[in-house]
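Taken in order, the sequence shown gives residues -18 to -1, 1 to 91; the numbers are from mature numbering (1 follows the signal peptide of the UniProt record, and there is no 0).
Backbone N, C-alpha and C fix where the C-beta goes; we use that ideal spot for every residue, glycine too.
As the structure is a prediction and not an experimental result, all values here were calculated from the model.
First up is the structure itself, then whatever we jot down about it.
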Amino acid sequence: MRILLALVMVLSASSALAAGCDKYIRNERLTTAIKTVAKHTQWGYQEMCNHPMILDVEATPTHTIELVNGEYEEIPHTRVQLHRAEDSCLYMVRDASQTITSSRCYSGF
């Protein structure tokens, strides 16, 4: 049991410390959204994920609530954040069309 627990801890720690975008390689939804942001920022996927200025790329499934034909609907999105030393930028990517519906950068201080 201890060996299993130790193995789980090592594997979870190594995946949390994966370089760039490698931690999302098995999740097509998140990887596709990251590629959309890379195209929007005019970087290639690999260039953005391994850029020395970008400390971390964070991708999280989420949704927005939008008024569609007079009714509110949950629209699946992926939140992609690029963390740099001095600031972070947040992009909301609509899953269905892979369009960026909002973006903003904010100070880390």
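- For Y54, the enclosing beta strand (DSSP E) covers residues 53 to 66.
- Within the model, the alpha-carbon separation for A20 versus K5 is close to 16 Å.
- Here R76 is buried: its Cβ has 16 or more other Cβ atoms, across all protein chains shown, within 10 Å.
- The Cβ atoms of S89 and M74 lie no closer than 8 Å to each other.
- T14 and I7 do not touch by the CB rule: their CB atoms are close to 12 Å apart, not below 8 Å.
- Straight through space, the alpha carbons of E53 and S70 are spaced by roughly 33 Å.
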